[in-house]
Amino acid sequence: GENVEQHPSTLSVQEGDSAVIKCTYSDSASNYFPWYKQELGKGPQLIIDIRSNVGEKKDQRIAVTLNKTAKHFSLHITETQPEDSAVYFCAASKVLTGGGNKLTFGTGTQLKVEL
Amino acid sequence: SQTIHQWPATLVQPVGSPLSLECTVEGTSNPNLYWYRQAAGRGLQLLFYSVGIGQISSEVPQNLSASRPQDRQFILSSKKLLLSDSGFYLCAWSRGLNYGYTFGSGTRLTVV
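Those protein sequence lines, which keep their order, are chains Y and S.
The numbering of the first sequence is my numbering, which starts it at 1 and goes up by one.
The numbering of the second sequence is my numbering, which starts it at 1001 and goes up by one.
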């Protein structure tokens, strides 16, 4: 099955700096890669996603890059703010035999933005 | 707009008691529905998914079961809870292939 590895597990940056989180996946059939932000005690929220026919996508301070050949994708957050502090998950999507798609998640990165 | 409701928010149950967690989606039809469990703030594990009424697929053999009695209702159950069933349970929906999931707010289950 699919295996998604995520690094680093914790990341501490100064406010205003950039943060980068990296993920690799194993199954070349995966073709959709979302990123989620989870605040304490809440469900994960989708913040950005990328499909396999695109190499990069940007939404304000957040960007995601995808290298299909190397099977890795990354989340970039610029001009970090204290409210960016949370756990971030990457995921890779694969079609299920019974229909629908399965997201396999990375193990998460605890991002802390310090003042 | 679409919304997903999950309840209860927290639950403390004794070992051996039954469990029923409910999830409903509004504002869409024929959603794909999912139950995930999250341990220790990390590690989202897919438990069950459903692409239609009465269609349930299990990813991991366990003490739990799922049912979808209506198009936008997904229920997670157990006849007898184990200590190892403790965790944060998340329901999610998606509109189809290559779409992200929208998660509910989760249920924190503690089995004592």
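Note that beta-carbon positions come from the ideal geometry of N, C-alpha and C, so glycine has one too.
Given the structure is predicted, the values throughout are model-derived calculations rather than measurements.
Given a threshold of 16 other Cβ atoms within 10 Å of its Cβ, counted over all protein chains shown, does residue i qualify as buried or as exposed?
i, result
"Q14 of chain Y", "exposed"
"Q1002 of chain S", "exposed"
"N67 of chain Y", "exposed"
"L1033 of chain S", "buried"
"A70 of chain Y", "exposed"
"D59 of chain Y", "exposed"
"V64 of chain Y", "buried"
"A1009 of chain S", "exposed"
"G1100 of chain S", "buried"
"Q6 of chain Y", "buried"
Does any C-beta atom of chain S lie closer than 8 Å to the C-beta of residue i?
i, result
"G43 of chain Y", "yes"
"T120 of chain Y", "The structure shown does not extend to residue 120 of chain Y, since chain Y is modelled only from 1 through 115, so no value can be given for it."
"V113 of chain Y", "no"
"F73 of chain Y", "no"
"G99 of chain Y", "yes"
"Y88 of chain Y", "no"
"T107 of chain Y", "yes"
"S85 of chain Y", "no"
"N31 of chain Y", "yes"
"D49 of chain Y", "yes"
"E82 of chain Y", "Glu is not the amino acid found at residue 82 of chain Y; the sequence shown has Pro there. No, because no Cβ of chain S sits closer than 8 Å to the Cβ of P82 of chain Y."
"S93 of chain Y", "yes"
"P8 of chain Y", "no"
"K102 of chain Y", "yes"
"L66 of chain Y", "no"
"L11 of chain Y", "no"
What whole-angstrom Cβ distance do residue i and residue j have, given they're in contact under 8 Å?
i, j, result
"I62 of chain Y", "I50 of chain Y", "Not a contact, Cβ separation roughly 11 Å."
"W1035 of chain S", "E1022 of chain S", "So it is not a contact: roughly 11 Å between Cβ atoms."
"Q38 of chain Y", "V87 of chain Y", "5 Å"
"H72 of chain Y", "K22 of chain Y", "6 Å"
"R1042 of chain S", "T107 of chain Y", "5 Å"
"L1081 of chain S", "V1111 of chain S", "5 Å"
Spatial neighbours of residue i within its chain, please: C-beta separation below 7 Å, excluding the five flanking residues on both sides.
i, result
"G1087 of chain S", "R1037, Q1038, A1039 and L1109"
"V95 of chain Y", "N101"
"E79 of chain Y", "G16 and R61"
"S1020 of chain S", "I1075 and S1077"
"S12 of chain Y", "K112 and E114"
"P8 of chain Y", "T109"
Residues in the same chain with beta-carbon distance under 6 Å from residue i, minus the five sequence neighbours each way, listed in chain order, please.
i, result
"R1072 of chain S", "T1024 and V1025"
"Y116 of chain Y", "Nothing about residue 116 of chain Y can be reported from this structure: the residues present for chain Y run from 1 to 115 only."
"P34 of chain Y", "L46, D49 and A91"
"S1065 of chain S", "S1077"
"A29 of chain Y", "K94"
"L75 of chain Y", "I21, W35 and V64"
"K57 of chain Y", "I50 and V64"
Is residue i close to chain Y? Criterion is C-beta to C-beta, closer than 8 Å.
i, result
"N1032 of chain S", "yes"
"R1042 of chain S", "yes"
"N1098 of chain S", "yes"
"Y1101 of chain S", "yes"
"S997 of chain S", "With chain S represented from 1001 up to 1112, any question about residue 997 of chain S goes unanswered, as that position is not in the structure."
"S1094 of chain S", "yes"
"Y1049 of chain S", "yes"
"S1105 of chain S", "yes"
"L1090 of chain S", "yes"
"L1046 of chain S", "yes"
Can you determine whether any heavy atom of the ligand SAH sits closer than 7 Å to the C-beta of residue i, and answer yes or no?
i, result
"W1007 of chain S", "In the structure shown, the ligand SAH is absent, as is every other ligand, since no ligand is present at all."
Kindly list the residues whose CB is nearer than 8 Å to the CB of residue i, restricted to its own chain and excluding five residues on each side of it in sequence; keep chain order.
i, result
"G1104 of chain S", "I1004, H1005, Q1006, C1023, L1090, C1091 and A1092"
"R1095 of chain S", "T1028, P1031 and N1032"
If you pair each beta-carbon of the stretch 1040-1058 of chain S with each one of the stretch 94-114 of chain Y, do three or more pairs fall below 8 Å? The stretch 1040-1058 of chain S is in contact with the stretch 94-114 of chain Y.
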